[in-house]
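Trainee: The listed protein sequences derive, respectively, from chains A and B. Per the working numbering, residue 1 is the first one in the first sequence, and the count goes up by one each step. Per the working numbering, residue 1 is the first one in the second sequence, and the count goes up by one each step. The structure follows.
There are 2 protein chains.
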Amino acid sequence: MTQDGRRLRGLRSREAILEQAVGLASVEGLDGLSLGRLATATGTSKSGFFAHWRDKEQLQLDAVEWAARQWTEHVVAPALRAPAGVRRLFALHEARLTFYDDGVLPGGCFFFTVQAEFDDRPGAVRDRVARSMREWQEFIRRQVAEAVALGELAESVDPAQLAYEIDALGEMVIIHSRLHGGPDSLRHARRAVLQRLRALCPDPALLPEN
Amino acid sequence: MTQDGRRLRGLRSREAILEQAVGLASVEGLDGLSLGRLATATGTSKSGFFAHWRDKEQLQLDAVEWAARQWTEHVVAPALRAPAGVRRLFALHEARLTFYDDGVLPGGCFFFTVQAEFDDRPGAVRDRVARSMREWQEFIRRQVAEAVALGELAESVDPAQLAYEIDALGEMVIIHSRLHGGPDSLRHARRAVLQRLRALCPDPALLPEN
DNA sequence: ATAATATACAACCGATCGGTCGTTAATATA
DNA sequence: TATATTAACGACCGATCGGTTGTATATTAT
Chain A
1 MTQDGRRLRG
11 LRSREAILEQ
21 AVGLASVEGL
31 DGLSLGRLAT
41 ATGTSKSGFF
51 AHWRDKEQLQ
61 LDAVEWAARQ
71 WTEHVVAPAL
81 RAPAGVRRLF
91 ALHEARLTFY
101 DDGVLPGGCF
111 FFTVQAEFDD
121 RPGAVRDRVA
131 RSMREWQEFI
141 RRQVAEAVAL
151 GELAESVDPA
161 QLAYEIDALG
171 EMVIIHSRLH
181 GGPDSLRHAR
191 RAVLQRLRAL
201 CPDPALLPEN
Chain B
1 MTQDGRRLRG
11 LRSREAILEQ
21 AVGLASVEGL
31 DGLSLGRLAT
41 ATGTSKSGFF
51 AHWRDKEQLQ
61 LDAVEWAARQ
71 WTEHVVAPAL
81 RAPAGVRRLF
91 ALHEARLTFY
101 DDGVLPGGCF
111 FFTVQAEFDD
121 RPGAVRDRVA
131 RSMREWQEFI
141 RRQVAEAVAL
151 GELAESVDPA
161 QLAYEIDALG
171 EMVIIHSRLH
181 GGPDSLRHAR
191 RAVLQRLRAL
201 CPDPALLPEN
């Protein structure tokens with residue numbers, strides 16, 4: 001298993017296709033994305049896919065996996081470099097906004113598009129997406145709970161409640177900014193969470209003023 | 001123009017088809033919705049559509065119009081029966097949550113699905129949807145401004161900012177409730193806006209405690 | 001060296017897509 | 001009553017969809 005030549009080439013094209021798939025799916029969804037267009041976009045042939053994936057659903061599942069890793073890398077990891085507590089919580093929110101603002105994905109957010117697409121359609125893809133979203137919300141909740149435990153948020157804070165608010169305010173940036181353009185929604189989303197956290201934080205100096 | 005018989009029958013089927021189309025589009029989107037399935041769902045033939053609409057896009061535009069009227073009827077109108085100011089603002093939020101909770105549309109929210117579908121796709125449908133969303137957000141903003149003018153919200157409130165927050169917290173109910181089930185997101189969305197408004201209101205007694 | 005494996009392709013399949021055409025019958029207009 | 005309209009339909013069109021098959025070839029494993 002020297003892992004080069006033919007095998008390596010397969011891995012490379014597999015990854016290249018997945019990257020393209022995640023980008024395209026962030027725009028048109030995982031089902032709207034057709035194998036034919038994905039083929040021309042990656043410069044390969046349609047039938048070549050079936051050497052890597054049994055059917056379209058397998059590619060969709062792998063695309064979700066790939067997008068989850070990308071999210072962890074671009075949003076979760078940077079936040080973990082901030083000190084635990086309310087600062088990490090806000091860093092998490094800011095990292096998400098930066099991810100959107102940088103245009104890492106052409107459609108803004110893979111998971112937003114795919115959630116809207118699959119929330120009413122039972123199946124393996126939906127289950128996989130739901131799992132990723134549960135893990136993400138659970139992660140936010142843990143950061144809130146940790147901030148409370150550190151005394152950086154009022155004890156009256158319900159972690160699930162605040163996590164919902166932070167996630168909702170962040171996620172809706174996608175729709176608002178893409179549909180009406182302009183940086184307004186980004187400013188609103190940032191400010192909303194910042195003010196909310198500062199109001200709940202005994203030591204607001206931990207957070208920026210604006 | 002006695003408006004009955006043949007003409008009337010046309011109007012009726014036109015409306016029946018549009019109602020079905022809006023319901024189906026709230027689940028699968030306006031493009032995912034195929035004319036064939038819409039035909040069988042309404043018990044008519046596919047080619048019969050083209051007596052009413054030139055092409056699929058015209059039907060999509062009319063569906064947006066129909067959904068906008070439905071939204072006005074189910075969400076805006078009930079809120080207008082509440083006294084102007086912060087009570088009307090909260091009534092608006094609650095009417096939206098009731099609309100979702102009652103399952104008026106099988107997919108939860110027509111505009112959510114369609115925004116996610118068209119936010120990256122230029123064209124007449126996107127423009128029409130964007131217009132509706134702008135009008136909706138402008139309406140929330142006016143209610144906020146009015147509450148401020150009435151002295152029912154702190155003067156420091158930025159209407160556009162608070163309107164973004166209320167809309168985001170309400171709209172994300174769709175994804176969260178449909179993907180993970182349960183009434184948690186509804187509770188979170190209601191509580192988030194309620195507490196936010198109470199904190200900004202000089203006379204919190206205008207609003208329910210819970 | 002040889003057999004097995006894996007990448008990648010062109011050609012093709014049935015199904016479905018949005019849309020056209022010609023027709024029929026009921027209604028509205030004159 | 002004669003004449004346009006209008007609703008509605010079945011049959012059909014080219015394009016595209018996800019997927020299959022057979023083939024050529026390069027790389028592994030034995």
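Even for Gly, the Cβ is constructed at its ideal location relative to N, Cα and C.
1. Using a threshold of 7 Å, is the CB atom of B/G103 nearer than that to any non-hydrogen atom of the ligand FMN?
2. May I ask you to report which of helix, strand or coil DSSP gives A/W66?
3. Please list the partners that A/F112 has in chain B, where partner means a Cβ-to-Cβ separation under 7 Å.
4. Could you give the DSSP three-state label for A/R81: helix, strand or coil?
5. With distance defined between alpha-carbon atoms, name the residue in B/T72, B/E73 and B/L92 nearest to B/A79.
6. Do A/Q60 and A/L30 have their beta-carbon atoms positioned less than 8 Å apart in this structure?
7. Using Cβ-Cβ distances below 8 Å, what residues of the stretch 172–183 of chain A are close to chain B?
8. To the nearest angstrom, how far is it from the Cα of B/L105 to the Cα of A/A51?
9. Do you know offhand how far A/V129's Cα is from B/S13's?
10. Am I right that A/Q161 and B/A68 are in contact with their C-beta atoms under 8 Å? What's the rounded C-beta distance?
11. Got a sec: is the Cβ-Cβ distance from B/D62 to anything in chain A below 8 Å?
12. Report yes if the C-beta distance between B/P204 and B/R198 is below 8 Å; otherwise report no.
13. Run down chain A in chain order and give the residues with a C-beta less than 8 Å from the C-beta of B/E165.
14. When the Cα atoms are used, what is the spatial distance from B/M172 to A/L8?
15. Among residues of its own chain, excluding the 5 on either side of A/C109, which ones have a beta-carbon nearer than 6 Å to its beta-carbon?
16. Would the stretch 111–125 of chain B and the stretch 112–121 of chain A be scored as touching if the rule is three or more Cβ pairs under 8 Å?
17. How far does the alpha helix (DSSP H) with A/A192 in it extend, from its first residue to its last?
18. Got a sec, what are the start and stop residues for the alpha helix (DSSP H) A/R126 sits in?
19. How would you label B/M167, buried or exposed, when you count the other beta carbons within 10 angstroms and need 16 or more for buried?
20. Select from the stretch 127–154 of chain B all residues with a C-beta closer than 9 Å to any C-beta belonging to chain A, and list them in chain order.
21. Run through chain B and tell me which residues come within less than 9 Å of A/A160, C-beta to C-beta.
22. A/W71 by DSSP, collapsed to three states: which one?
23. Let's test the definition: count the other Cβ atoms within 10 Å of the Cβ of B/S47 and tell me whether it reaches 16, buried, or not, exposed.
24. Given this structure, state the Cα-to-Cα distance separating A/E165 from B/S34, to the nearest angstrom.
25. To the nearest angstrom, how far is the alpha carbon of A/Q137 from that of A/L179?
26. The alpha helix (DSSP H) with B/V86 in it runs from where to where?
27. Take the Cβ of B/L24 as the centre, count every other Cβ of all protein chains shown within 10 Å, and call the residue buried at 16 or more, exposed below.
28. So with Cβ pairs under 8 Å, would you call A/G107 a contact of chain B?
29. Buried or exposed: B/A124, going by 16 or more other Cβ atoms within 10 Å of its Cβ?
30. Could you tell me the distance, in whole angstroms, from the CA atom of B/R215 to the CA atom of A/T44?
31. Exposed or buried, what is A/S156 when buried is set at 16 or more other beta-carbons lying within 10 Å of its beta-carbon?
32. Is A/D31 helix, strand or coil by DSSP?
33. Between B/D120 and chain A, is there a C-beta pair that is closer than 8 Å?
34. What span of residues does the alpha helix (DSSP H) with B/S177 cover, start to end?
Mentor: Looking at the coordinates:
1. The ligand FMN is absent from the structure shown, which contains no ligand whatsoever.
2. Three-state result, A/W66: helix.
3. For the C-beta of A/F112, the chain B residues within less than 7 Å are, from N- to C-terminus, A116.
4. Here A/R81 sits in coil by DSSP.
5. The residue with the shortest Cα to Cα distance from B/A79 is B/L92.
6. Yes.
7. Cβ contacts with chain B come from M172, I174, I175, H176, R178, L179 and H180.
8. If you draw a straight line from the Cα of B/L105 to the Cα of A/A51, it comes to about 41 Å.
9. Straight through space, the alpha carbons of B/S13 and A/V129 are spaced by roughly 38 Å.
10. Rounded to the nearest angstrom, the Cβ distance from A/Q161 to B/A68 is 32 Å, too far for a contact under 8 Å.
11. So, not an interface residue.
12. Yes, the Cβ-Cβ distance between B/P204 and B/R198 is below 8 Å.
13. Simply L169, H188 and A192.
14. Their backbone Cα atoms lie some 42 Å apart in a straight line.
15. I174, listed in sequence order.
16. Yes: at least three Cβ pairs fall under 8 Å.
17. Where A/A192 is concerned, the enclosing alpha helix (DSSP H) stretches over D184 to L200.
18. Note, A/R126: alpha helix (DSSP H), A124 to A149.
19. A small correction: the amino acid at residue 167 of chain B is Asp; Met does not occupy that position in the sequence shown. Buried, by the Cβ-count rule.
20. Under the 9 Å Cβ criterion, the stretch 127–154 of chain B contributes V129, A130, M133, R134 and Q137.
21. Within chain B, the residues placing a beta-carbon under 9 Å from that of A/A160 are D184 and H188, ordered along the chain.
22. Note: A/W71 maps to helix in three-state DSSP.
23. Counting the other Cβ atoms within 10 Å of the Cβ of B/S47 gives fewer than 16, which makes it exposed.
24. Approximately 36 Å between the Cα atoms of the pair.
25. When rounded, the distance between both Cα atoms is 25 Å.
26. Following the DSSP letters along the chain, one finds B/V86 inside the alpha helix (DSSP H) bounded by residues V86 to D102.
27. It counts as buried.
28. For A/G107, the answer is yes, since a Cβ of chain B falls inside 8 Å of its Cβ.
29. An exposed status is given to B/A124, since fewer than 16 other beta-carbon atoms sit within 10 Å of its beta-carbon.
30. With chain B running from 1 to 210 in the structure shown, residue 215 of chain B is simply not present.
31. Exposed is the call here.
32. In the structure shown, the three-state DSSP call for A/D31 is helix.
33. At least one chain A Cβ lies under 8 Å of B/D120.
34. Its alpha helix (DSSP H) spans residues V173 to H180.
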